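So the sequences go chain by chain: A and B. Heads up, the first sequence is in the numbering used here, so the first residue is 1 and it goes up one at a time. Heads up, the second sequence is in the numbering used here, so the first residue is 120 and it goes up one at a time. By construction, the Cβ of each residue, glycine as well, lies at the ideal position given by its N, Cα and C atoms. Bear in mind the structure is a predicted one, so any value in this text is a computation, not a measurement. Worksheet: the structure to be examined is printed underneath.
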Amino acid sequence: EVQLVESGGGLVQPGGSLRLSCAASGFTFSSHWMTWVRQAPGEGLEWVANINQDGSKKNYVDSVKGRFTISRDNAKNSLYLQMNSLGVEDTALYYCARDLAGVGALDIWGQGTMVTVSS
Amino acid sequence: QSALTQPASVSGSPGQSITISCTGTSSDIGGYNYVSWYQQHPGKAPKLMIYEVTNRPSGVSNRFSGSKSGNTASLSISGLQAEDEADYYCTSYASSNIWVFGGGTYLTVL
Chain A
1 EVQLVESGGG LVQPGGSLRL SCAASGFTFS SHWMTWVRQA PGEGLEWVAN
51 INQDGSKKNY VDSVKGRFTI SRDNAKNSLY LQMNSLGVED TALYYCARDL
101 AGVGALDIWG QGTMVTVSS
Chain B
120 QSALTQPASV SGSPGQSITI SCTGTSSDIG GYNYVSWYQQ HPGKAPKLMI
170 YEVTNRPSGV SNRFSGSKSG NTASLSISGL QAEDEADYYC TSYASSNIWV
220 FGGGTYLTVL
């Protein structure tokens, strides 16, 4: 079964850090661009970052540049999002998603992991 | 990196057809044929419905179709069914290697 499973979310104080993980199974992970998308409670979807197949290309939305780092380990079929200097505005459900063909077609999504930034 | 503009809500009766618009600029929708549409039911992950403006992934009903004219993309749903009631989001490639989502449209099936 093709599947993505996120983990690592939780409650963190403003200024803190978290590392999200996304475990992939059922497909050739190393063949796909991967993306993180977040959704604040009651709000819409926001594209956060993506990474190409070998990890050499990484892109970020302006609001997280310099604070978040996307990475992957193809040997472990895993995607990561290191989040530093977290603010209340980063509170959201974070989804990892597979890009079908490198054209922004996110065809496989995980169930999401919740990040809450609060004092 | 402004969000794409979608109507907050649309509605239709079972069997009818509706269209959801998604308006951007020449730097995103108008400049590239990389528009996708997602359906999201409450408490669920989004589901890809359309990609590259008009393409339907395997398993998506042919009642769903996409199009684009200038800086505006559209998602059309024909033969509305109760299970189509959900949030719908558009997304497009924008310049500088980033992607931008629309604010979302809630479809009510009356």
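Task: Between the CA atoms of isoleucine 148(B) and glycine 104(A) - distance to the nearest angstrom - done: In the first sequence, the residue the question calls residue 104(A) occupies position 104. In the second sequence, the residue the question calls residue 148(B) occupies position 29. Their backbone Cα atoms lie some 13 Å apart in a straight line.
Open item on the list: Between which two residues does the beta strand (DSSP E) holding aspartate 206(B) run?
Closed with: Stepping through the second sequence from its first residue, residue 206(B) is reached at position 87. Taken as a continuous stretch (DSSP letters only), the beta strand (DSSP E) holding aspartate 206(B) covers 205 to 213.
Task: Reduced DSSP category for lysine 58(A) - H, G, I as helix; E, B as strand; rest coil - done: For the purposes of this step, residue 58(A) is identified with residue 58 of the first sequence, where counting begins at 1. Looking at lysine 58(A) - three-state DSSP - the assignment turns out to be strand.
- [ ] Find the nearest neighbour of glycine 87(A) within the set Ser17(A), Glu6(A) and Tyr80(A), judged by alpha-carbon distance.
- [x] Translated into the one-based positions of the first sequence, residue 87(A) becomes position 87. Out of Ser17(A), Glu6(A) and Tyr80(A), Ser17(A) has the C-alpha closest to the C-alpha of glycine 87(A).
Open item on the list: So the candidates are Glu202(B), Ala213(B), Pro165(B) and Thr173(B); which of them puts its Cα closest to the Cα of lysine 187(B)?
Closed with: Taking the first residue of the second sequence as position 1, residue 187(B) is located at position 68. The option with the nearest alpha carbon to lysine 187(B) is Thr173(B).
TODO: Classify asparagine 50(A) as buried or exposed, calling it buried when 16 or more other Cβ atoms lie within 10 Å of its own Cβ.
DONE: For the purposes of this step, residue 50(A) is taken as residue 50 along the first sequence, with counting starting at 1. Asparagine 50(A) should be labelled buried.
Task: Of the residues Asn52(A), Arg38(A), Thr116(A) and Lys57(A), the one placed nearest histidine 32(A), counting alpha carbons only - done: The residue labelled residue 32(A) in the question sits at position 32 within the first sequence. When only C-alpha atoms are compared, the closest one is Asn52(A).
- [ ] Can you pull the chain A residues whose beta carbon is under 8 Å from the beta carbon of asparagine 190(B), in chain order?
- [x] Taking the second sequence and counting its residues from 1, one reaches residue 190(B) at position 71. Residues of chain A passing the Cβ test: none, with the nearest at roughly 17 Å.
- [ ] Determine the DSSP secondary structure at glutamate 46(A), reduced to helix, strand or coil.
- [x] The residue you call residue 46(A) lines up with position 46 of the first sequence. The answer is strand: DSSP assigns glutamate 46(A) an E or B state.
Task: Under 7 Å by beta carbon: chain B residues contacting glutamate 46(A) - done: Your numbering for residue 46(A) matches position 46 in the first sequence. In chain order: Phe220.
TODO: State the Cα-Cα distance for the pair valine 64(A) and glycine 110(A), rounded to the nearest angstrom.
DONE: For the purposes of this step, residue 64(A) is identified with residue 64 of the first sequence, where counting begins at 1. For the purposes of this step, residue 110(A) is identified with residue 110 of the first sequence, where counting begins at 1. Roughly 21 Å between the two C-alpha positions.
Task: Contact check, glycine 134(B) vs leucine 199(B), beta carbons under 8 Å - done: Here residue 134(B) corresponds to residue number 15 of the second sequence, with the count starting at 1. Here residue 199(B) corresponds to residue number 80 of the second sequence, with the count starting at 1. Closer than 8 Å, so yes.
TODO: Kindly list, in the order they appear in chain B, the residues whose Cβ is closer than 7 Å to that of tryptophan 109(A).
DONE: Within the first sequence, the letter at position 109 stands for residue 109(A). Residues of chain B passing the Cβ test: Ala164 and Pro165.
TODO: Identify each residue in the segment 30 to 58 of chain A for which the Cβ-Cβ distance to at least one residue of chain B is less than 7 Å, and report them in chain order.
DONE: Gly44, Leu45, Glu46 and Trp47
Task: Identity of the residue in Pro176(B), Arg182(B) and Glu171(B) nearest glutamate 202(B) by Cα - done: Sequence index remark: in the second sequence, residue 202(B) carries index 83 (1-based). Glutamate 202(B) has its Cα closest to that of Arg182(B), out of Pro176(B), Arg182(B) and Glu171(B).
- [ ] Check whether the Cβ of arginine 19(A) lies closer than 7 Å to any heavy atom of the ligand COA, and answer yes or no.
- [x] No copy of the ligand COA occurs in the structure displayed, which carries no ligand at all.
Task: Whether glycine 15(A) touches serine 85(A) by CB criterion (8 Å) - done: Translated into the one-based positions of the first sequence, residue 15(A) becomes position 15. Translated into the one-based positions of the first sequence, residue 85(A) becomes position 85. Taking 8 Å as the Cβ cut-off, glycine 15(A) and serine 85(A) qualify as a contacting pair.
Task: Delimiting residues of the beta strand (DSSP E) encompassing leucine 100(A) - done: Against the first sequence, residue 100(A) aligns to sequence position 100. Run containing leucine 100(A): none; DSSP gives neither H nor E here.
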